[in-house]
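Number of protein chains: 2
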Amino acid sequence: MKIRPKISRREFVGSTLSAAAMQSLYVQPFLRTKVEGSPSDPGWKDEGILFVDRSPHAKLRNVPVHAVTITEGFWGARRETNLKKSIPSMEKLLEANGRMNNYLRLRGKSDSQQSGPVYSDSDVYKWTEAVGFQLQSGDPPELRALAEKIIRGIVAVQEPNGYLNTYYVADRAKQRMTPETQRWGHELYNIGHMIQGAIAYYRATGDRTLLDAGIRFVDDYLLASFGPGTDKQPLFSGHPEIELALVELYRTTGDQRHLELAGYILQGDDRIKVPRHAYVYHFCGIPFTSRTHLEGHAVRAMYACCGATDYYMETGDQKYWKTLDVLWNDLVSSQMYVTGGVGARSDGEAFGDSYELPNFTAYGESCAAIGNMMWNWRMLAATGDAKYADVIERALYNGINSGMSLDGTLYCYRNPLSFDPAGGDQIRNPWYDTTCCPPNLERIFASLPGYLYSTSKDGLYLHLYENSQLDWHLEDGTGLKVEQKTSYPWDGAVEIGVTPAKSTEFTFYLRIPEWCNSAQVAVNGKSVSGVTPGQYLALRRRWSPRDAIHLKFGMTPQVIEANRRVVDDYGRVAVQRGPLVYCLEQLDQPQGISLYDVSLDLREDSSSAFHVEFDKDLLGGIVVLRHAGAWAEKTSSDGKLYRKYTPTAAKGRQVELKFIPYYAWANRAATPMQVWTPTFRA
Amino acid sequence: MKIRPKISRREFVGSTLSAAAMQSLYVQPFLRTKVEGSPSDPGWKDEGILFVDRSPHAKLRNVPVHAVTITEGFWGARRETNLKKSIPSMEKLLEANGRMNNYLRLRGKSDSQQSGPVYSDSDVYKWTEAVGFQLQSGDPPELRALAEKIIRGIVAVQEPNGYLNTYYVADRAKQRMTPETQRWGHELYNIGHMIQGAIAYYRATGDRTLLDAGIRFVDDYLLASFGPGTDKQPLFSGHPEIELALVELYRTTGDQRHLELAGYILQGDDRIKVPRHAYVYHFCGIPFTSRTHLEGHAVRAMYACCGATDYYMETGDQKYWKTLDVLWNDLVSSQMYVTGGVGARSDGEAFGDSYELPNFTAYGESCAAIGNMMWNWRMLAATGDAKYADVIERALYNGINSGMSLDGTLYCYRNPLSFDPAGGDQIRNPWYDTTCCPPNLERIFASLPGYLYSTSKDGLYLHLYENSQLDWHLEDGTGLKVEQKTSYPWDGAVEIGVTPAKSTEFTFYLRIPEWCNSAQVAVNGKSVSGVTPGQYLALRRRWSPRDAIHLKFGMTPQVIEANRRVVDDYGRVAVQRGPLVYCLEQLDQPQGISLYDVSLDLREDSSSAFHVEFDKDLLGGIVVLRHAGAWAEKTSSDGKLYRKYTPTAAKGRQVELKFIPYYAWANRAATPMQVWTPTFRA
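First to last, the sequence lines map onto chains P and L. Each residue of the first sequence is one higher than the one before, starting from 1 at the first, in this note's numbering. Each residue of the second sequence is one higher than the one before, starting from 1001 at the first, in this note's numbering.
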């Protein structure tokens, strides 16, 4: 087992050090050698997305990003684009839009005015986090040099008392941490992202510069003046994020105060009287454990749930678990789009009522789907329950993946499930003044290798199928390599090579996705029974080098209907194949046909089969689905809003409908799109 | 023809008179004799809801409210409740909530603070208008005495310069008519309602007190300092209403400046740079004739359209007509609920995008449906085209009528088409702090007799069927009585007795509703051909006393489907019988059944007929409809948000569904309701 001392702040940060002096503390040279998973390696290198190795109530440990190599597969291509296009172009846009100047001007190195909204610093930090994860996977020196320069610029403007923010300066300094600013000013949100970015960068490089700045903010500024004591001012996080960052900081520093501060914020301080509309929208300010359903701003709610799950993993507080379980059931039973997106309403970027899941006006912010994935990743770490991995897969392949264009330079803020460009919306854009989503997508794709596996006391969990190599070890220290060969998600066959450093008995937990109708598993050619969709198949045996597992998931396209309470989906179905939700884009259908007028022909006597075909030239290579449909010729455009019902009106002419994966929509000419397609009414 | 001098302001208002002195000008004693329609009667008595007798571009003239007596029918009962319960109880609530004190305190007769939002005065004025219309129909002396006292209290606080408002006084006086206050302060909106109320009261009683105050505001305050001149300040109406009031004032005073001011406001003043979001929301500030679709705040848009139609009827400006036609087509082809309600979004109380007509979250404010009816009444006056009367009937019987409880004391602000009390909404309330809807409903029901008929150069138009007596005259002065005997809308038979003072050739235009499948018309027992739904049937002949028309509209319940672009209605149907849209309330269905799980069985091989039955004991006496349905047993409550589509899942168990008219919903215990019911999928 890997044993190493926790970082103690006292060891390397003198609270009176200047920012410049602090930089000189950066003594760890950048080492990007091939990591063998050896316990003798510096500890920071082997911490995963979450460092829960010592968390008493985490069942699973994260595997570090560097331990998994993703190549030549579905996510390999996406990650390549992320590294080559998205991260560099976003840095240029952050520059061009003054976000970097916000730091420079505080050192007199830029004449420009403060740029962007109060949360603009966070976008720089999320970009830094993306770079951090990317550096964990490899070594693009120019990216590191760029990030290092930016980090030096950030920490240089930290004030002697630890405060760091480029908005609440000069005339605005007097607004710092006032009740109004705590509510809307995103000071703690910014620092939360800074800490996350700092940790990712630290785990990549050992460079503590940004991390130290985060610790100084927390220790010297926050803990000194804010908190539960009568001599201290109360805290309201405003936009949850600091909570999860503080727990991860605690995992990194071992400083109990960081965990306690997270717990205090999650509890809310009853010295602040928070009106209902505020604790609903902000999803903080009352005890997290008093929550009974998801509501309010979706990203805030998801980040709060992340923080609360992190807190649970450290404390085992059952009140937290009970609440998390209630909220999670609310999510999957009444609040989540079939794409894994969350947040139905544009108004307040908020959760709607139960079953309020409009398609056309769906908000489904990219950040909220990411928050959903992050939360479920934590729930999975706590329990090892496959139902959380199912949500991760659904969100990742669909509602998150849709957020970035295939070329990696355009982003969705909203991810609607139905769209008509006639409404005037430009759905993908290179930049938003509130540009939270683009760097958030970048950090997720950068961190993706860390989501494929976990370890447990008794073995290894495989969560996501992807062409990849794992080079890590079991929790007892036994080296273990696992290779996946697959064309997943286009094909349901996965060949898994298992190579422990020596023959060892352990359990290989293979996730059997809940969506699959049929799954065949064979170990060394011998079929395995007890395969159950929606569960991990526990293969307990003595594993030896060159053992092989063959998986075969049935990939027959599936037709899905929603609960009848989802009014927008009634009479409609969604099509899913493997983990991918499909959609119709009008430009793929025969000319002259409007999506408003088509139905999927699901009559039993019709040819109900999908035609499945991989088209390597379309949208980067996708499996296209074709199915018989009906075209109710121009009934939507005859100007009639209401008409007498005629049972045959919808039948119309026969037409073949062509479906593409939802994530790939809006990558060609602007055209109507829909996920939920009417079914044929006989 | 009725010929009388227009009121000239100069004749009876001295601009330097005090409010008290103005009251002494009230010299016309209240006369409530039986009006025979004689041209020698005081002109004010014979003006209809709109006085368009001299409007060059009005095809139809209004018939005064007093000329039509509604008794013992559908609307007779509603109007009785309005008079006995609604108007008196609303007056008490206006008192109890300080709206009357707002006037008293300005005279030192109340110590209370200003109460209510900036538009609170308008609620008093709308109540006054309701009383005015009610007084036009009869003579409840105690109601007149009460109104007179209130009116005296209002005019007593008018300032010497004509300004009148109970909110922008004292410290707030400096905010009067600032750009910000023009946008949000409702000063002109309040005065618009005051003028409407004043005119209704004047037409009932000849009492010019309130009317004079309105004229003073316009002449002495507005025209003196605001308008297009370089020496004047620009105007922005903020909440359209003043436009229609000014045109009606012009019709009453003959003062061309009142019409010109309306035109100026409808045009917008380009000295005010109105940002897009503002001219969308406020529906003013840019030339009305530049509008291409309905958008923004629905009541604002509807009142603006009313004012623009009024302006068109006076000017004949074809640019106005073109715009009105475009907007009207937008309304009926993509923006109107099947109930005649308008305004899809709670957010901004606004029109949605085309076809955005959600049922559960429908706003459908009572005031907006009223605005819709008022607008269509003007379009009908301009053209005599039955399509406008069809919209009036749809809105009146459904989306407006639903706004008041059957007992006349509770009101809907929102009129959703689907409801679940589990959401916590209290849909009917006696009072709203923004209490625009209750007195608006009261004034409409009070004015209803004025909507049944119009005259044209060549005869008489019958718009609405209702047990009633008309006692009026043709435009050539020939006396004419028309009696309708009917149980409409419960029954499709209408017996019409036509009694001209002498045998006269004229055209009797009978509206054949667009909803009817079949209509038989006979004059003196002889069947008439050429009956076309959605048109007026023109019966040109020499009419003599004791002539009789027999109408028989087919009342078979109809199943309606929406345009496929209305996502919320897809796979669902609405049920309509006659002009009444029906709904399901859960408490009428077999116990244990959730509305979420029922479907209407419309298979051709099923018994597709409705069972139609009048239940005199239910909800004041209604026709109940029963139809075979299916119950997909508890599929909505099994906790599953998405499931694999199975074509038989929705079939379920057979069940009988019971429909009641939509207007009568929410008059018993709180229970789920829906207008659009899923159809059975075979």
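Glycine residues also receive a C-beta, built at the ideal position from the N, C-alpha and C atoms. Predicted, not measured: the structure shown is a model, and the values here were computed from it.
Looking only at C-alpha atoms, which of the options sits nearest to residue i?
i: P438/P; options: D425/P, D347/P, Y411/P; result: Y411/P
i: L1222/L; options: E1187/L, G1206/L, L1211/L, A1200/L; result: E1187/L
i: V338/P; options: W75/P, T635/P, D568/P; result: D568/P
i: G197/P; options: V612/P, P590/P, W127/P; result: W127/P
i: G1043/L; options: Y1432/L, D1207/L, V1342/L, L1417/L; result: D1207/L
i: A1145/L; options: N1161/L, G1162/L, R1105/L, Y1201/L; result: Y1201/L
i: E475/P; options: I593/P, D458/P, F553/P; result: D458/P
i: K387/P; options: L210/P, I242/P, C284/P, L331/P; result: L331/P
i: G285/P; options: V581/P, P275/P, I150/P, L587/P; result: P275/P
Keeping to the same chain, check which residues put their C-beta closer than 6 Å to that of residue i; ignore five residues upstream and five downstream.
i: A21/P; result: Here A21/P scores only 37 on pLDDT, less than 50, and its place in the model is too uncertain to base an answer on.
i: A538/P; result: T507, Y509
i: G48/P; result: N62, V63, P64, G450
i: G1428/L; result: Checking the sequence, you will find Arg at residue 1428/L rather than Gly. Around R1428/L: S1405, L1410, C1412, A1666.
i: F1030/L; result: Residue confidence for F1030/L is low, a pLDDT of 27 falling below 50, so the modelled location carries little weight; the figure read from the coordinates is stated next. So the qualifying residues of the chain are T1205.
i: G1076/L; result: I1070
i: S346/P; result: Y363
i: P1579/L; result: E1393, Y1397, P1489
i: V1391/L; result: N1376
i: G610/P; result: This sequence places Phe at residue 610/P; Gly is not what is there. Excluding positions up to five away in sequence, the list reads P557, L625, H627.
Determine the direct distance from the alpha carbon of residue j to that of residue i, and round the result to whole angstroms.
i: I70/P; j: K485/P; result: 11 Å
i: R643/P; j: A1493/L; result: 24 Å
i: I688/P; j: I195/P; result: Not covered by the structure: residue 688/P. The range shown for chain P is 1 to 682.
i: S1503/L; j: S1529/L; result: 23 Å
i: V1035/L; j: F1133/L; result: Any reading at V1035/L needs caution, since the residue's pLDDT is 34, under 50, leaving its predicted position unreliable; the model's value is listed next. Roughly 15 Å separates the two Cα atoms.
i: T1300/L; j: R203/P; result: Correcting the residue type first, residue 1300/L is Arg in the shown sequence and not Thr. In a straight line, the C-alpha of R1300/L is about 58 Å away from that of R203/P.
i: Y1189/L; j: G1296/L; result: 17 Å
i: N401/P; j: V1280/L; result: 35 Å
i: W184/P; j: G227/P; result: 19 Å
i: E80/P; j: A628/P; result: 37 Å
i: D420/P; j: T671/P; result: 7 Å
i: D1601/L; j: V573/P; result: 20 Å
i: L464/P; j: K640/P; result: 48 Å
i: I1191/L; j: N563/P; result: 50 Å
i: D1385/L; j: A1304/L; result: 21 Å
Which residues in chain B sit within 9 Å of residue i, going by Cβ to Cβ distance?
i: Q1426/L; result: As a matter of chain content, chain B is missing from the structure shown, whose protein chains are P and L.
Any idea which residues DSSP pairs residue i with across the strands?
i: M1373/L; result: None, per the DSSP bridge assignment.
i: V68/P; result: L470/P
i: C1583/L; result: I1660/L
i: H297/P; result: A350/P
i: V559/P; result: V575/P
Within a Cβ cutoff of 7 Å, which residues of the same chain sit near residue i, ignoring the five residues on either side of it in sequence?
i: C1583/L; result: F1659, I1660, Y1662, W1665, M1673, Q1674, V1675
i: W490/P; result: F614, V623
i: L94/P; result: M100, D123, V124, W127
i: K232/P; result: S225, F226
Which residues in the same chain as residue i place their Cβ atom closer than 8 Å to its Cβ, once the five residues preceding and following it in sequence are excluded?
i: H711/P; result: Nothing can be reported for residue 711/P: it is not among the residues displayed for chain P, which extend from 1 to 682.
Tell whether a beta-carbon distance below 9 Å holds between residue i and residue j.
i: Y1103/L; j: V1068/L; result: no
i: L261/P; j: G307/P; result: no
i: N415/P; j: G341/P; result: yes
i: L625/P; j: P557/P; result: yes
i: A1298/L; j: A1245/L; result: no
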